[in-house]
Amino acid sequence: MNRGHSARAAAAALGLALALIGSRVQGVRGDPAEPPADAPEDADYDVERPDSIGDGDIEVGLGVVANDGRHSTQRRRALFRSDSLGGAVRDGAGDDLAGSSLEGAAAGGRFGLGRSMPVWGRGLVLGDPREPWGWRERGTQRRSAGDVLWYRAGRGSHVGAWAGTAGRKQPALGLDAGARGANGGVVFDRRGISNASVWASRESGGSGGGAEFASDRRGRWRAETFAQRRDGSARLGGWVRAGHEAYRGAGDPRRAGPPLAVSARADVPLAHGTRLGLLGAWWRFAPGVPGARATLEVQQALPHHAGVVAGFEQQHGTRRDPAVVGRPAPEARFRQGAWAEWHGGAGPVSLAWRHEFWGERRWVRGEVRAVSTARIGVESPAGVGVRITYAAFRAVSGEHVYLPELEADRLVLRALAGDGERARVELRGPFAGGMVEAALNRTFVPPRAPRMQWTVEWTRRSRLRREP
Amino acid sequence: MKVAKHRARVGVVVALAILTLGATRSRAQEFAPAAPEPLVMGAASMLDQALAPERRAPELVILGGRPFGLAALDAAAVAAGLGWRSLRGAAGLARSGDPAIGWSTVAFAIGGATPGAGYALRVAARRDRRSDAAIAAESGAPPDAPPGTIATDLGGGTSAGVNAGGELGAGAWIAPGRVVLLWVAHPQLVTRGAAPPLARGLECGVAWRGSRVRAWLARELAAAPGGSDTHRAGIAFGGVDASAWVEARDAPLRAGLGVAARAGPFAVGVRVDAHPVLPQSVRFECALGSAP
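The following block contains the structure:
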């Protein structure tokens, strides 16, 4: 009890101190990969890779995936972007990212269709509210489920409308308007007004602040304010949220997040190529269901594009809302973790190594999970590349290790449990005017037989129109 | 006849127990070079750890050793390496142990190397030196068992095993700035068939290579669940013509030392590894090839 209280107080104090500095950090590489709190604990989690196509580009991809090593399924995707229209279509049996979206400019404004979701303010009503414990802004979060159609017109002042399911089963309609940074919006469903929100923000050169106040039809409210500062390559930020624990926005209720939260992050360059990353967060889902996270990470750049990363973290409580997951939160969950990473290369060869371990007692004792990963990459001048990744992991019952694996169009956080190893061989090379990427995975957790998975994906990118 | 059979069984059990309990931490394999990787990379290191040599001149290596002072485990191997442009290749044959418990090994490795970096894949296949019929007769397996599958439970059980196996591994190293050497290698990324005599895990290492002094530190992950990771650290003095090194390991704590000398294309090296429980292991190496 005392330990939890002191840790919570320490995390809150750190968070408040950093919040006073005022900043937002987009993310520090090297921190442990983990899915968002709404993802199932024991399942792989796919998230779209950032869209890298430029104006006038079209990308087509075909893939075959065999998650059990035998039965394969197909994946197809197409993405395009022009100066006034962009869209994406993904299709595949059992593909979590299947769906389509279309965005573009029309009639003096912008419109969206499909899984392309508008965001109001801080996402308390529409969009995904931030997770106080997250390093990244939705960095490992999928787009919300559900389809919507939206339109927004105007620049200095604007009006907008959307209609769709927006992550809920019931359809809804939203109207919003704003001028000079101040905005307001109302969401209607079959029973009338379901949510209303006002928000304002002002940002310039990466620095600024803002706030949102949202309410539902029963008068339950939630408010959030943030401040951020960018000075050169230093980024500082923090935000505070308060409100009623039963409040839910118009989006996916599993992503509502805690009603009480404070979060602060900093990414500060020091001397001689050193960067310091800090995260402090405290939150509470309900009385007696708190959580806290404090992270310190140091990155050091080395000659020849090499670098080392070392970090330490302490966690308390839960990140899952007991009201949503339907089970009580674990009591006084405490974790301490540490990690170290090195990467470098010479000529055609690149190497990387990482070790991460977590304990349930102070000073990372009482190990509950650990993972060591090494990667060898070889690139040829012709564009053919081979990469071999090997990971040895240990996780006690109830714990999972997540290994990030990049595929052609997505990042997969591979959930692993038990005491075993995973080897991944990736081949990449030009083929039929595009690039083909193949990966073979072998997961071995004794006494079970090794489990094979493989993927083959072909991607071709071309220009919609020729350069003048 | 019965006494001879009993002795053979006891010998096999003792040797396997040593291999399982003691040698798993020794890292000694059929093609393990006498000198540690940070000192010399050649055909032997390519076959043993998938660490390709930077030099491309042909090399012939003869290796031998007596693990833990046991004559029944005497081993000998021959390895050859060759390079063309940035490609590297190596092949080797080895025979370990006496006819009752020994095995034969053939290994190949292919990879590439450029100044400051190298990578390789290795493949090794092993087969017990005893015939299927001999082992089947001892273990009580049916005489019509398919070739290559025999009962290995020498305690009289009936579990069927295999007397041949293979492994595939990969490794790479980089030397940014030439002074620092970093390597990652997993000699047994995939195994098939009979379990290898020594289970080996992922090894990552770093070395500092001065003109007359070299030092290294490496960590090898446990190859089997529940095992402990091992570390080794060493320091070497001398140059290409003559060098001496000492190396310490943990789990259990022990040390090894060795010397190497070169005269023109001829090179020799000897290594002695101590063990807190078992007798010393000795390995020697004779190489013919240009200096690295």
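Quick mapping for you: the protein sequence lines, in order, are chains B and W. When you line the first sequence up against this note's numbering, it's residues 624 to 1091, in that order. When you line the second sequence up against this note's numbering, it's residues 776 to 1067, in that order. No residue lacks a Cβ here, since even glycine has one placed at the ideal position from N, Cα and C. Note that the structure is predicted; figures quoted are calculated from it, not measured.
**Prompt:** According to DSSP, what are the bridge partners of B:Val809?
**Reply:** The residue labelled residue 809 of chain B in the question sits at position 186 within the first sequence. The partner list for B:Val809 (beta bridge, DSSP) reads B:Leu798 and B:Ala819.
**Prompt:** Any beta-carbon of chain B closer than 8 Å to the one on W:Pro1067?
**Reply:** Residue mapping note: residue 1067 of chain W aligns to position 292 of the second sequence, counting from 1. Taking Cβ atoms only, chain B never reaches closer than 8 Å to W:Pro1067, which makes this a no.
**Request:** Quick one: grab the DSSP three-state call for B:Gly903.
**Result:** As a first step, residue 903 of chain B must be located in the first sequence, where it is residue number 280. In the structure shown, B:Gly903 sits in a strand (DSSP, three-state: E or B).
**Prompt:** Any C-beta of chain W sitting closer than 8 Å to the C-beta of B:Pro910?
**Reply:** By one-based count along the first sequence, residue 910 of chain B stands at place 287. So, not an interface residue.
**Request:** Measuring alpha carbon to alpha carbon, tell me which of W:Arg841, W:Leu862 and W:Tyr894 ends up nearest W:Pro962.
**Result:** Here the question's residue 962 of chain W lines up with position 187 in the second sequence. For the residues W:Arg841, W:Leu862 and W:Tyr894, the minimum Cα distance to W:Pro962 belongs to W:Tyr894.
**Asked** What residues in the segment 978–996 of chain B have a beta carbon less than 8 Å from any beta carbon of chain W?
**Response** Ser995
**Item:** Any C-beta of chain W under 8 Å from that of B:Leu1087
**Value:** Taking the first residue of the first sequence as 1, we reach residue 1087 of chain B at position 464. For B:Leu1087, the answer is no, since every Cβ of chain W falls outside 8 Å of its Cβ.
**Asked** Any Cβ of chain W within less than 8 Å of the Cβ of B:Trp976?
**Response** Stepping through the first sequence from its first residue, residue 976 of chain B is reached at position 353. Answer yes: the Cβ-Cβ gap between B:Trp976 and chain W drops below 8 Å somewhere.
**Asked** Would B:Arg1071 count as contacting chain W if we go by Cβ distances under 8 Å?
**Response** Indexing the first sequence from 1 puts residue 1071 of chain B at position 448. The beta carbon of B:Arg1071 sits no closer than 8 Å to any beta carbon of chain W.
**Item:** Min CB distance W:Ile1010 to chain B below 8 Å
**Value:** Residue 1010 of chain W sits at position 235 when you count from the first residue of the second sequence. So no, W:Ile1010 is outside the interface.
**Item:** is_contact[B:Ile676, chain W] using C-beta, thresh 8 Å
**Value:** Stepping through the first sequence from its first residue, residue 676 of chain B is reached at position 53. For B:Ile676, the answer is no, since every Cβ of chain W falls outside 8 Å of its Cβ.
**Item:** W:Ile793 at chain B interface by Cβ criterion, 8 Å
**Value:** If you number the second sequence from 1, residue 793 of chain W lands on position 18. Reliability of the predicted coordinates at W:Ile793 is poor, the pLDDT of 47 falling under 50, and the value obtained from them is presented with this limitation in mind. No, because no Cβ of chain B sits closer than 8 Å to the Cβ of W:Ile793.
**Asked** When you compare only the Cα positions, how much space is there between W:Ala1038 and W:Ala1062?
**Response** As a working mapping, residue 1038 of chain W is identified with position 263 in the second sequence. As a working mapping, residue 1062 of chain W is identified with position 287 in the second sequence. Whole-angstrom Cα-Cα distance: 11 Å.
**Buried or exposed by the 16-neighbour rule on C-beta atoms within 10 Å, applied to B:Phe836** = As a position in the first sequence, residue 836 of chain B is number 213, starting the count at 1. Under this definition B:Phe836 is a buried residue.
**Item:** Residue nearest to W:Pro874 in terms of C-alpha spacing, selected from W:Ala974, W:Gly817, W:Leu848 and W:Ala993
**Value:** In the second sequence, the residue the question calls residue 874 of chain W occupies position 99. Nearest of W:Ala974, W:Gly817, W:Leu848 and W:Ala993 to W:Pro874, Cα basis: W:Leu848.
**Message:** Quick check on B:Ser723: does DSSP put it in helix, strand or coil?
**Reply:** Locating residue 723 of chain B in the first sequence gives position 100, where the first residue counts as 1. Residue state, collapsed to three classes: strand.
**is_contact[W:Ala990, chain B] using C-beta, thresh 8 Å** = Within the second sequence, residue 990 of chain W is the residue found at index 215, counting from 1. Taking Cβ atoms only, chain B never reaches closer than 8 Å to W:Ala990, which makes this a no.
**Prompt:** Is the segment 918–936 of chain B touching the segment 893–905 of chain B in the sense that three or more CB pairs, one from each, lie closer than 8 Å?
**Reply:** yes
**Residue span of the alpha helix (DSSP H) that contains W:Asp823, given as start and end** = As a working mapping, residue 823 of chain W is identified with position 48 in the second sequence. Start and end: Ala818 to Gln824.
**Assigned secondary structure, B:Arg985 (DSSP; H/G/I helix, E/B strand, else coil)** = One-based indexing of the first sequence puts residue 985 of chain B at position 362. Correct three-state label for B:Arg985: helix.
**Prompt:** Exposed or buried, which one is B:His895 when buried takes at least 16 other CB atoms within 10 Å?
**Reply:** For the purposes of this step, residue 895 of chain B is taken as residue 272 along the first sequence, with counting starting at 1. Its Cβ having fewer than 16 others within 10 Å, B:His895 is exposed.
**Asked** Which residue from B:Glu964, B:Arg699, B:Asp661 and B:Pro663 puts its Cα closest to that of B:Asp1032?
**Response** Here residue 1032 of chain B refers to the residue found at position 409 of the first sequence. Minimum Cα distance to B:Asp1032 is reached at B:Arg699.
**Request:** Using a Cβ-Cβ cut-off of 8 Å, state whether W:Ile949 counts as contacting chain B.
**Result:** As a working mapping, residue 949 of chain W is identified with position 174 in the second sequence. The beta-carbon of W:Ile949 is placed less than 8 Å from the nearest beta-carbon of chain B.
**Item:** Integer-rounded CB distance, given that B:Pro794 should sit under 8 Å from B:Ala784
**Value:** What you label residue 784 of chain B is simply residue 161 of the first sequence in a count that begins at 1. What you label residue 794 of chain B is simply residue 171 of the first sequence in a count that begins at 1. So it is not a contact: roughly 14 Å between Cβ atoms.
**Request:** Enumerate in chain order the residues of its own chain whose CB-to-CB distance from B:Leu1063 is below 6 Å, with the five nearest sequence positions on each side excluded.
**Result:** In the first sequence, residue 1063 of chain B corresponds to position 440, counting from 1. Taken in chain order, the residues that qualify are Val1048 and Trp1077.
**Request:** Run down chain W in chain order and give the residues with a C-beta less than 7 Å from the C-beta of B:Ala929.
**Result:** Reading the first sequence from its first residue, position 306 is the one you call residue 929 of chain B. What B:Ala929 touches in chain W: Pro951.
**Request:** Return the chain-ordered list of same chain residues with a C-beta closer than 6 Å to the C-beta of W:Ala1049, the five sequence neighbours on each side being excluded.
**Result:** As a working note, residue 1049 of chain W is residue 274 in the second sequence. Contacts found: Arg1029, Ala1030 and Gln1055.
**Prompt:** Touch check for the segment 994–1007 of chain B and the segment 684–696 of chain B: three-plus C-beta pairs under 8 Å?
**Reply:** Under the three-pair Cβ rule at 8 Å, the segment 994–1007 of chain B does not count as touching the segment 684–696 of chain B.
**Asked** Is there at least one Cβ from chain B nearer than 8 Å to W:Ala993's Cβ?
**Response** Position 218 of the second sequence, counted from the first residue, corresponds to residue 993 of chain W. Closer than 8 Å: no.
**Prompt:** At a CB-CB cut-off below 7 Å, which residues of chain W make contact with B:Gly717?
**Reply:** As a position in the first sequence, residue 717 of chain B is number 94, starting the count at 1. By Cβ distance, chain W contributes nothing, its closest Cβ being about 27 Å from B:Gly717, past 7 Å.
**Prompt:** Which full runs of the alpha helix (DSSP H) of 4+ residues lie inside the segment 926–987 of chain B, going along the chain?
**Reply:** Correct list: 945–948.
**Asked** Assuming B:Gly750 and B:Gly874 make a contact with CB atoms under 8 Å, what is their CB distance in whole Å?
**Response** In the first sequence, the residue the question calls residue 750 of chain B occupies position 127. In the first sequence, the residue the question calls residue 874 of chain B occupies position 251. That pair is a contact at about 6 Å.
**Message:** Considering Cα atoms alone, identify which of B:Asp799, B:Phe811 and B:Ser707 is closest to B:Asp839.
**Reply:** Counting from 1 along the first sequence, the entry for residue 839 of chain B is found at position 216. When C-alpha distances from B:Asp839 are compared across B:Asp799, B:Phe811 and B:Ser707, the shortest belongs to B:Phe811.
**Prompt:** Can you name the residues of chain B whose CB is closer than 7 Å to the CB of W:Ala892?
**Reply:** As a working mapping, residue 892 of chain W is identified with position 117 in the second sequence. Here the neighbours are Ala969, Gly970, Pro971 and Val972.
**Asked** Who are the Cβ neighbours of W:Ser1003 in its own chain at under 7 Å, not counting the five residues just before and after it?
**Response** In the second sequence, residue 1003 of chain W corresponds to position 228, counting from 1. If we look at W:Ser1003 and ignore the five residues flanking it on each side, its Cβ neighbours are Ala997 and Ala1026.
**Message:** On the CB-based measure, 16 or more other CB atoms within 10 Å of its CB, does B:Val972 come out buried or exposed?
**Reply:** As a first step, residue 972 of chain B is located in the first sequence; it is residue number 349 there, counting from the start. Label assigned to B:Val972: buried.
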